[in-house]
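**Q**
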Amino acid sequence: MLPEIEQYFRLEKLPHMWCPGCGNGIILHSLVKAIDKLCLDQDRTTIVSGIGCAARASGYLDFDTLHTTHGRALAFATGVKFAKPELNVFVLTGDGDCTAIGGNHFIHAARRNINLTTIVFNNNIYGMTGGQYSPMTPNSCRATTSPYGNLERPFNLTDLAIAAGATFVARTTTYHAKQLTDLIIEGYKNKGFSLIEVITHCPTSFGRQNKMGTPADMLKWQRDHGISAMRYENLTPEERADKFIVGVLHKTEAPEYTTEYQKLLEKLG
Amino acid sequence: MSTEPRLVQGNEACAEGAIYAGMRFYAGYPITPSTEIAEILARRLPQVGGKFLQMEDEIASMAAIIGGSLTGAKVMTATSGPGFSLKQENIGYACMAEIPCVIANVQRLGPSTGVATAPAQGDVMQARWGTHGDHPIIALTPSSVKEAFELTVRAFNLAEQFRVPVILLMDEVVGHMREKVTLPQPGDLPVVDRVKPTCSRENYYPYKADSDKTPPMACFGEGYRYHVTGLFHDESGFATEKPEIIDWQLKRLHEKINQHLDEIITYSSEETADADLVVIAYGGTARAVSRAVKLARQEGHKVGVFRPQTIWPFPEAAIGELAASGKKLLVAEMNYGQLLLEVQRVAAGRCEVHSCLQSNGELTLPDVILTKIREVYEHAPGN
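Keeping their order, the protein sequence lines are chains H and B. Taking our numbering as reference, the numbering of the first sequence is continuous, increasing by one, and the terminal residue is 269. Taking our numbering as reference, the numbering of the second sequence is continuous, increasing by one, and the terminal residue is 383.
Right, here's the structure in full:
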């Protein structure tokens with residue numbers, strides 16, 4: 001581990017519990033790099049996570065860390081941030097945690113535009129329970145509960161966040177780890193609800209069931225399919241079919257909830 | 001707060017009691033018949049520098065208050081039957097992670113949507129066992145407006161002292177009833193704050209305490225940088241699957257309550273000393289029972305009332321004494337017999353246990369209870 005990021009880890013809790021080849025460690029690395037670059041006070045930063053593989057990340061990080069119930073990370077985080085707005089609050093959640101059982105909390109946190117930096121580890125599957133399909137599993141993909149191919153359609157999570165009112169929305173992959181750090185920094189700086197969707201590779205469950213090869217092959221898939229907005233613009237509709245944009249997708253300004261509440265307190269006080 | 005008596009609603013007394021106790025963070029979701037608590041706090045909390053948050057559902061409300069509590073705030077949510085069901089998930093989390101919080105449940109008729117505005121007391125067992133797994137719980141049941149205020153304050157004190165969720169088990173009768181009361185002035189009632197650690201970060205173990213003790217609780221943002229999880233954890237707060245540690249922690253969760261029953265359990269006994277029949281009732285039902293007992297006394301029956309204010313942990317010792325003394329017991333409640341089960345368990349065949357149960361959306365009337373009291377006497381051996 002790089003010495004400059006060691007201070008952000010509870011080293012005695014490592015090695016982590018993720019499978020060999022899992023992408024989650026890359027996201028964690030990008031997160032602490034971002035926190036380091038932002039020079040955030042470790043004592044004033046809280047990491048909130050839900051349940052699932054991604055959510056275990058909180059235990060490895062040396063901050064106040066809150067490992068909550070399944071799907072509820074954003075609701076707990078809303079409580080922390082609203083009660084003590086001066087804390088920096090990051091939310092780490094997976095695709096099942098955030099978009100299925102936590103879907104309601106997700107759209108409402110975005111609607112409230114509460115100042116939370118939310119990182120969704122999207123591995124397209126429920127990893128911890130052994131590979132069932134999630135609302136982010138692409139149509140026709142295999143999972144243990146879609147053995148004949150997924151009949152459902154996945155969410156477009158970033159579109160959902162934009163529609164719900166998030167003021168910073170970005171997407172990238174574990175292949176684009178440096179970009180991820182930059183996006184987390186930008187998301188943190190946004191005074192409002194920020195969503196960063198990270199497509200991460202799960203070789204054990206999603207990759208294996210969908211014949212995606214080695215972890216390195218899955219990273220290459222991310223490289224070849226996740227492209228910049230500029231490159232995407234120049235593609236024909238046919239070429240766009242299996243591609244997605246990485247980078248900032250949406251950025252706007254809107255009143256932030258805890259700031260508005262503070263104004264109310266000052267008005268009444 | 002006015003020193004003059006005024007007409008106060010039960011739900012209002014609960015809201016004002018919470019503010020009196022130092023509650024400054026509320027998150028909730030509208031539901032009849034508890035909604036006045038949210039409405040009053042939406043207006044009152046910002047006036048005292050507090051935070052009011054209307055969440056997207058009951059699950060989120062419960063989650064948000066736990067988050068708020070971890071920053072050091074005294075926190076609360078209020079709900080009713082269907083919402084209470086939804087809160088159970090994170091009530092369990094609060095039990096496991098030892099997070100102080102208060103949940104007011106103004107009971108209405110169930111199951112399911114039931115009748116939204118009708119009184120019932122069908123959530124007694126849900127208050128005890130609603131969330132999965134073995135866990136202790138504290139639940140208090142007021143039966144007057146004044147008591148709604150006092151027990152709300154007490155609920156916060158117990159939550160903070162023992163690092164537990166405390167359920168204020170109201171019912172529609174008490175919640176919507178208005179009575180003339182003088183609300184307590186600052187200093188009239190004790191207000192307890194949680195114990196915080198004084199040690200350094202390196203020496204802080206958030207779940208380390210003697211077997212019957214509650215560990216000090218650090219606030220997020222104050223440099224302790226600790227971990228909180230709903231997984232079984234060791235004294236440092238990190239997940240464990242080791243049976244011996246799980247055993248120790250689960251026992252400690254129970255013992256920190258069980259070893260302090262005298263501090264937690266309160267009840268009122270009226271005219272039980274010479275009674276040969278004691279009616280056990282709580283909440284709205286206890287009001288009708290008081291009237292029925294008065295009438296029964298006028299008829300010459302030696303009847304008393306036992307009214308638990310702490311319904312969980314169950315006042316086992318006090319009920320056991322009544323049973324051992326050979327008095328007959330009559331449990332009156334607005335359900336199909338929930339506290340009755342506990343009374344029967346504790347009586348263990350040592351005395352007759354009768355019941356007066358009603359669950360049709362109407363408050364049990366004094367006449368109904370009086371009729372039952374007469375029946376018990378008429379069927380007594382020797383009559």
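By construction, the Cβ of each residue, glycine as well, lies at the ideal position given by its N, Cα and C atoms. All figures in this text were calculated on a predicted structure; none of them were measured in a lab.
1) Under 8 Å, do leucine 7 of chain B and lysine 180 of chain B count as touching if we go by C-beta distance?
2) According to the neighbour-count rule (16 or more other Cβ atoms, all chains shown, within 10 Å of its Cβ), is cysteine 22 of chain H buried or exposed?
3) For asparagine 115 of chain H, count the other beta carbons within 10 Å of its own beta carbon; 16 or more makes it buried, fewer makes it exposed. Which is it?
4) So glutamate 56 of chain B contacts chain H; which residues on that side make the cut at Cβ distance below 7 Å?
5) Name the one or two DSSP bridge partners that tryptophan 312 of chain B has.
6) Please list, in chain order, all residues of the same chain as isoleucine 246 of chain B whose beta carbon is under 6 Å from its beta carbon, the five residues on each side excluded.
7) Assign tyrosine 336 of chain B to buried or exposed, taking buried as 16 or more other Cβ atoms, counted over all protein chains shown, within 10 Å of its Cβ.
8) Considering only DSSP beta bridges, list what arginine 307 of chain B is partnered with.
9) Go ahead and pull the three-state DSSP assignment for proline 237 of chain H.
10) Quick one: grab the DSSP three-state call for tyrosine 148 of chain H.
11) With 16 other CB atoms within 10 Å as the buried threshold, where does glycine 349 of chain B fall?
12) Compute every distance between the C-beta of proline 165 of chain B and the non-hydrogen atoms of the ligand SAH, then say whether any falls below 7 Å.
13) Rounded to a whole number of angstroms, what is the C-alpha to C-alpha distance between glutamate 235 of chain B and alanine 55 of chain H?
14) Name the chain H residues that come within less than 8 Å of lysine 51 of chain B, Cβ to Cβ?
15) Any C-beta of chain B sitting closer than 8 Å to the C-beta of threonine 46 of chain H?
16) Examine chain B for any beta-carbon lying closer than 8 Å to the beta-carbon of leucine 265 of chain H, and answer yes or no.
17) Three-state secondary structure (DSSP) at isoleucine 167 of chain B?
18) Under 9 Å between beta-carbons, which chain H residues line up against proline 46 of chain B? List them in chain order, please.
19) Any contact of the region 56-75 of chain H with the region 201-221 of chain H, i.e. 3+ C-beta pairs under 8 Å?
20) For cysteine 19 of chain H, I'd like the list of residues in its chain whose CB is within less than 6 Å of its CB, leaving aside the five on either flank, ordered along the chain.
21) Among the candidates B:Gln54, B:Ala63, B:Phe25 and B:Ile31, whose CA atom is the shortest distance from the CA of leucine 384 of chain B?
22) At 7 Å on the CB atoms, spell out the chain B contacts of threonine 78 of chain H, in chain order.
23) By DSSP, does phenylalanine 220 of chain B sit in helix, in strand, or in coil?
24) Use the C-beta contact count for lysine 196 of chain B: other C-beta atoms within 10 angstroms, 16 or more gives buried, fewer gives exposed.
25) Just to check my reading of the structure: isoleucine 40 of chain B and serine 80 of chain B have Cβ atoms closer than 8 Å, yes? What is that Cβ distance to the nearest angstrom?
26) When you check each C-beta in the region 52-70 of chain H against every C-beta of chain B, which residues fall closer than 8 Å?
27) Chain H beta carbons: is any one of them nearer than 8 Å to that of glycine 223 of chain B?
28) Restricting to Cα atoms, I'd like to know which of H:Phe90, H:Ala75 and H:Arg44 is closest to isoleucine 184 of chain H.
**A** Let me lay it out:
1) As a working note, residue 7 of chain B is residue 7 in the second sequence. As a working note, residue 180 of chain B is residue 180 in the second sequence. Contact flag set, yes.
2) Here the question's residue 22 of chain H lines up with position 22 in the first sequence. With 16 or more Cβ atoms within 10 Å of its Cβ, cysteine 22 of chain H is classed as buried.
3) Counting from 1 along the first sequence, the entry for residue 115 of chain H is found at position 115. It is buried - the Cβ of asparagine 115 of chain H has at least 16 other Cβ atoms within 10 Å.
4) As a working note, residue 56 of chain B is residue 56 in the second sequence. What glutamate 56 of chain B touches in chain H: Asn104, His105 and His108.
5) The residue you call residue 312 of chain B lines up with position 312 of the second sequence. Partner(s): B:Ala139.
6) The sequence position of residue 246 of chain B within the second sequence is 246, counting from 1. Once the five neighbours on either side are set aside, the close Cβ partners of isoleucine 246 of chain B are Phe232.
7) Sequence index remark: in the second sequence, residue 336 of chain B carries index 336 (1-based). Flag for tyrosine 336 of chain B reads exposed.
8) One-based indexing of the second sequence puts residue 307 of chain B at position 307. Looking at the DSSP assignment, arginine 307 of chain B forms a beta bridge with B:Ser268.
9) Position 237 of the first sequence holds residue 237 of chain H. DSSP places proline 237 of chain H in helix when its eight states are reduced to three.
10) Counting from 1 along the first sequence, the entry for residue 148 of chain H is found at position 148. Coil, per DSSP.
11) Numbered from its first residue, the second sequence carries residue 349 of chain B at position 349. Exposed: under 16 other Cβ atoms inside 10 Å.
12) Ligands displayed in this structure: none; no statement on the ligand SAH is therefore possible.
13) Your numbering for residue 235 of chain B matches position 235 in the second sequence. Your numbering for residue 55 of chain H matches position 55 in the first sequence. C-alpha separation (whole angstroms): 21 Å.
14) Stepping through the second sequence from its first residue, residue 51 of chain B is reached at position 51. The answer, in chain order, is Phe82, Ala83 and Tyr261.
15) Within the first sequence, numbered from 1, the residue matching residue 46 of chain H stands at position 46. Chain B contact via Cβ: present.
16) Within the first sequence, numbered from 1, the residue matching residue 265 of chain H stands at position 265. Judged by the 8 Å Cβ criterion, leucine 265 of chain H is in contact with chain B.
17) Numbered from 1 along the second sequence, position 167 holds the residue referred to as residue 167 of chain B. Here isoleucine 167 of chain B sits in strand by DSSP.
18) Here residue 46 of chain B corresponds to residue number 46 of the second sequence, with the count starting at 1. Here the neighbours are Tyr261, Leu264, Leu265, Lys267, Leu268 and Gly269.
19) no
20) For the purposes of this step, residue 19 of chain H is taken as residue 19 along the first sequence, with counting starting at 1. Taken in chain order, the residues that qualify are Thr204.
21) Past the edges of chain B, shown from 1 to 383, lies residue 384 of chain B, and the structure says nothing about it.
22) Along the first sequence, read from residue 1 onward, the residue named residue 78 of chain H stands at position 78. Within chain B, the residues near threonine 78 of chain H are Ala64 and Gly67.
23) Here residue 220 of chain B corresponds to residue number 220 of the second sequence, with the count starting at 1. Coil.
24) Sequence index remark: in the second sequence, residue 196 of chain B carries index 196 (1-based). By the neighbour-count rule (16 or more Cβ atoms within 10 Å), lysine 196 of chain B is not buried but exposed.
25) As a first step, residue 40 of chain B must be located in the second sequence, where it is residue number 40. As a first step, residue 80 of chain B must be located in the second sequence, where it is residue number 80. No, isoleucine 40 of chain B and serine 80 of chain B are not in contact; Cβ-Cβ is about 16 Å, not under 8 Å.
26) Ser58, Gly59, Asp62, Phe63, Asp64, Thr65, Leu66, His67, Thr68 and Thr69
27) Position 223 of the second sequence, counting from 1, holds the residue named residue 223 of chain B. Answer yes: the Cβ-Cβ gap between glycine 223 of chain B and chain H drops below 8 Å somewhere.
28) Within the first sequence, residue 184 of chain H is the residue found at index 184, counting from 1. For the residues H:Phe90, H:Ala75 and H:Arg44, the minimum Cα distance to isoleucine 184 of chain H belongs to H:Phe90.
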